[in-house]
Structure formats: C-alpha cells, structure tokens
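Protein chains in written order, with our numbering: chain A, 611 to 914; chain B, 92 to 500.
Using N, Cα and C, we set each Cβ at its ideal position, and we do this for glycine too.
Since we're looking at a predicted model, the values are computed, not measured.
The next block holds one structure in the form of structure tokens; read it before the comments.
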C-alpha cells in the first residue's frame, strides 16, 4: 500500500467520523436546548425528528407530481417547512402537556413517551408502516473526489454544512439574542428571572418549540442519509440523550465536544471491530465516564 | 394472626386475600390452559412491577432499565434449559453435537467456558438471582454514591438497556442473537411443555409472586420502608438526620433487580424461550407503565395493573392493532396527568370511602388533585407582574402559600 492510499483511507475514515459527528450533533442540538437548558426529558424528541423527515418526503412527492421543474430547489424550502411544522407541534405539546409537569421530571418522561407512541401510530396510519425515502435533488447525489481514489459523499458534506449552520444559529440565539438571555436567566434562577419581569412561561414555551423545530431540521437532514419509518425516531433517542448528558447538560460547547468525541470513538472502533461491538464499547465508555463524572464533560458552574 | 395483622393491617390482608383468590382460584378455574399460560406469563412481569413499586413508588428512583434485569434472569435460566435441551443425543445432526443449535449455526465448535457452569441447576438459580443483583449493585453504587439521581439515573439505565440489547444481538454465536434461545424443553428431565407442567409452573410462579409481595410489604412496614418513603419525599432531611441515603437506594435497586431476575427466570420456564425483545428500552418502559397503571404505591395494585395492561395489549393488538398504540399513549399521559396513583389511588380515593361509608360514618370528600386547576390558574395570573414570584413554576407547592391555590377551607 502506498502512502497516498493510506492517506486516502485516513481521510475517508476521518470523514466518516465527521459525518457521524454531524448526525449526532444535529440530533443533540434540539435536545441540548430542551433537556440541557430546560431540564425537560422529551422522550418524543425522535418523533419530532420524524416529523421533519416526513415533511421532506411529502414535499418531494408533491413537487414531483405538480412541479417537476422545481425539483432542484424544493429541498431547501422543505427544510424550512420542517422547522415550522415541528415548531408548531412542539408549541402545542408544551401547552397541552409539558407545562403541567415542570415540577415532576420523571412524570414528564412517561408522558412524553406516551406522546411518542401516539405520534408513531399517527405516522403509521398516515404514511404506512413501510419505510419511505424522498426523491433527492440531483445535486445531493454522488460524491466529490478531490483526489484520485478519494471519494467524499455529497450528502454527508451537506449534512455537515447544515449542522455547522444550525449549531452556529443556536449559538447565536442562545448567547447573542434577547431570547437566549431570557432562557439562560430562567435556567440560572427561575424565581429571580420572574422577579425582574421575564415571562418565564412564555420563555419556556418558546424554548421548547424551538428545540422541537431544530429536531425537525435534523430529521429533514437525515432523509439524505437513510429512509424514514414510523419508528425511526426511537432509534435516535438514547444516542441523543447520551450526547447531551455526556457533554454536560447545560453547556452547548459540551454538546459539540461530546458529539465529536463519541463519533470519532465509534468510527475508529468500527474500523477495527464489528459495528455492534464498536457501539457497545463506545456506550460502555460513555456510561463509565458518566459514572465517574456524572455532571458530564463541561459542567456549567451554577450554585444550586 | 394478630402478629400478621400488626404488620399488614386489615385492608392489606383483605387486598392480598382477594388477589390470591383471583390468581390462585378464579383464573385457573375460568381460563383454559392456553390462557392460563398467558396469564402466567403476565404474572412474571408482575415481579418487575412489584420491584418498581419498591424502587419508584417507595424509593422515588425511576429506572428505565428493569428489562435488563428481567432479561439477565431469563437468560440465566434459559442457558441452563438450553444446555439440557442440546444433549449430544438430540443434536446429533449438528456438525458439533452437544452444543446449543445457534452456536453450531455460527460455526462455534466448542462450548464457551462461561457457559459450562450453567450445566448445573443450582448454579443457574444462583446466577439468576445474583447476576442481576450484582449489576444493579455496580450501577447503583457508582451512581448513588455520587448523588446522581432522578432523570440522569433514568438515562443511564436506559443506556445500559441499549448496551445489553446490542451486545446480545451482536454476539449471536454466544447468545442466540435476535431470535434468542428457543426450544427449551426440559428441566432436570421434567418436560415443561406439558399441560400438567404448565399448571405446576403457574402455581409455582404465583406463590413466588406472593412471596415477593409479602417480602416487599414487610420491608415497607419496617423502619427501612419508612426511611425509603422519607428519602423519596425529602432526601436532604434524611441525609441530615445522619443516614447514608445512597446505601438505601442501592439496596432497593438491588432488591428490584433480584425480583426482576426471578420474573425473567419464570418467564423462560413458562414460555419456553428468551429473546432480546424483553431486554431493551421499549419493554423496560412498558414495564414502568404496568406499575403506574396499577398504582405506583401499591404492591397489589401493580399486579392488577400488569394483568390489565397485558390483557389490553393482547386483546387490542389482536382485534384493533391500530388502536393499541393510541390507547397506550393515552394510558401513559392519563396516568401522569389525571391519576398519578393509578387504579390503587382511584380505589383509595373513591371506592374505599364509599365502602367504609356504608358501615361507618360519612366518607370524607376525596381530595381534588390540585395539579391541574392550579397550573391553569397560574397561567392566567402570570400576566400580572406582582404574582410572578409565586407562580414561578412552583405550581405544585403553590397552594401551600394560600395565595392563589384553589379555595382551601
């Protein structure tokens, strides 16, 4: 094997890790807001991602039937719609369910699990039990080969770019906007935030809905990688929670770092072992580290 | 009898006796052997539910990985039964006779060393009791000593469930993979698939279950039980009183795990197979709902809850498969929002006062659950700035301030 071949393998392996990193981070970002900032265990988070995925599927089918000429552009618009839809459902879920349960986190867990079951059945009744995949626009297919023997899939690049965009957006919103200031104030000290005139209830609802919207975007992005079924969301949920917990619940930077660490660890072990063993070893490592350092990698220093 | 009464209480005795009548007399008389075997299967889940009452209802610790312990117990038993079922005589068509069929399919030619002890029933029984307990001890000790609890504990237990499922499915040659261990036939030469064996196993299972209920009831009535309750409600106060809270949590987690292990073993015996579909996250959360529907504080209620949810599941998934998940969703949400203490709570609040009222004085009016009205009211009030400090999300404890709770006379 020549040096350039080894280099290519390292590059492609590195990109596989990056690709997994963007998937994990995209899953974790919405949850980092909902669970990390608000402390709400949203077991239906995966289903909000599925809402986004089905939105893309619906948009692709509609565009294909009624406006085939728009096929190259629909995807970007549909991602926006996915955000809006998931946002709206999240808003309603907060209003109907979550807001009654802020003081009972364990019960929130059960209630949102119920919500996820209901949503799964709605998906199944609407779209059927079979997995579906949207027709992707041409420009998302194929791969980019900057050098001989080096292939980097475009959909992976697209998800990576989207992840960077969403992560940047969340960062700006949380740390540079009035809303973010209100969210962080509410997280740090709810009573005090109330006292200085922040409407924490409104903030909560908005925060939850935005987290769900981001989940919708994540689901939309995942349609470029895999197909969507009614129960797809439940596959992601534990991974998403682990990413957020491992990074340190209230720290956005921690979420990014933990997604990166988990993804690299898993893709490197996957190179040497079978997929399932790689997963087992990665998960065990996370669990062990969490047992030693329960607050996660980057804990926010708050007086409790 | 008086002593029994002392630590059980009259209504407890009545509840357990009625449950015993239902399980030991009514069910076997009315159901045919197929249905009875099905009920026996449900009753193995009841071990998990009873364990959850202790862990979650009494200890306030929610584990979403009880399926792990159920599965470990089940697999320990299944390994013993599988080895007995794969003697060289009945597996002579395999390329390596004398090892379980799934090993042969996966090109394993020798029984792995850690399978060897499972040739002996005493070891299998020892393992099914102590493997789950040991795992619970390790997880519990590591987490509770660091004062990790609540949602983080739930997430970690969930991750453990995921790890075990992936491990079992991935290591097909050693565990039977997705299909699990099937074709379990005899225990020490006794055919467990005959009707008479099914009757015996049903009763053995029921008696073990009552043993578990009595044990848990005894713990609840003891000082330990009181401490568990105190810990659930005000953990810090118990800690400041000089108790090491973590030890009690580890204990109750281990107890629940051991009960799950027994349930799993009885499951493997009665149903004749064990598979990873009882280990993962989904079954583990379903087991929580068994306890929640019956009443998270009531041992007897948890058994009824298990039976009810499972009957519902069997009936609906046969007749109206598309409705079942909606019903399950409604159960989860309803149990949390409307009646957090499950059927046992409804019984305590409505039926019992009515029953007692017939014989004694006027029943007390059942306390209105304060949660829903208060939060609704909160929302309206939150528009004015002055009340914000009170409504800050203190929804449940707000009424005690007497400022905006429902009119408490």
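Residue of the options minimising C-alpha distance to residue i
i             : options                       : result
residue 771/A : 642/A, 632/A, 801/A and 706/A : 632/A
residue 832/A : 775/A, 743/A and 891/A        : 743/A
residue 647/A : 846/A, 616/A and 783/A        : 783/A
residue 146/B : 280/B, 121/B, 126/B and 315/B : 315/B
residue 642/A : 737/A, 851/A, 729/A and 693/A : 851/A
residue 869/A : 629/A, 626/A, 853/A and 733/A : 853/A
residue 745/A : 763/A, 715/A and 672/A        : 672/A
residue 666/A : 761/A, 826/A and 651/A        : 826/A
residue 267/B : 187/B, 280/B and 192/B        : 192/B
residue 655/A : 692/A, 861/A and 843/A        : 843/A
Reduced DSSP category for residue i - H, G, I as helix; E, B as strand; rest coil
i             : result
residue 239/B : coil
residue 707/A : coil
residue 762/A : strand
residue 742/A : strand
residue 365/B : strand
residue 729/A : helix
residue 453/B : Interpretation of residue 453/B is limited by its pLDDT of 46, a score under 50 that renders its predicted location unreliable; no figure is taken from the coordinates.
residue 834/A : coil
residue 405/B : helix
residue 715/A : helix
residue 753/A : strand
residue 200/B : coil
residue 195/B : helix
residue 512/B : Coverage of chain B is limited to positions 92 through 500, which leaves residue 512/B absent and any answer about it impossible.
residue 648/A : coil
residue 373/B : helix
residue 278/B : strand
residue 272/B : strand
residue 871/A : helix
residue 388/B : coil
residue 211/B : coil
residue 232/B : helix
residue 289/B : helix
Chain B within 8 Å of residue i, Cβ atoms only
i             : result
residue 896/A : yes
residue 789/A : no
residue 890/A : yes
residue 609/A : There is no way to answer for residue 609/A, as the model of chain A reaches only from 611 to 914.
residue 641/A : no
residue 723/A : yes
residue 886/A : yes
residue 904/A : yes
residue 655/A : no
residue 719/A : yes
residue 737/A : no
Below-8 Å beta-carbon distance, residue i vs any chain A residue
i             : result
residue 226/B : no
residue 417/B : yes
residue 261/B : yes
residue 243/B : yes
residue 249/B : yes
residue 430/B : no
residue 288/B : no
residue 237/B : yes
residue 234/B : yes
residue 427/B : yes
residue 254/B : yes
residue 265/B : no
Whole-Å CB distance - residue i paired with residue j, under 8 Å assumed
i             : j             : result
residue 132/B : residue 311/B : Actually they do not touch by this definition, with Cβ atoms about 27 Å apart.
residue 276/B : residue 176/B : 4 Å
residue 352/B : residue 163/B : 6 Å
residue 381/B : residue 403/B : Contact doesn't hold; Cβ gap of about 11 Å is too wide.
residue 849/A : residue 637/A : 6 Å
residue 254/B : residue 890/A : 6 Å
residue 160/B : residue 233/B : Between residue 233/B and residue 160/B the Cβ distance is about 16 Å, and since that is not below 8 Å, they are no contact.
residue 137/B : residue 300/B : 6 Å
residue 247/B : residue 897/A : 6 Å
Counting only runs of 4+ residues fully inside the segment 297-343 of chain B, write out the alpha helix (DSSP H) ranges in chain order.
-> 314-324 and 326-331
Output the residue ranges of the alpha helix (DSSP H) runs that lie fully inside the segment 805-851 of chain A and measure 4 residues or longer, sorted by chain position.
-> Runs found: 810-832.
Curious, which full-length alpha helix (DSSP H) runs of at least 4 residues does the segment 407-441 of chain B contain?
-> 412-428 and 433-437
Where are the alpha helix (DSSP H) runs, 4 residues long or more, that stay fully inside the segment 123-154 of chain B, in chain order?
-> Complete alpha helix (DSSP H) runs here, min 4: 124-143.
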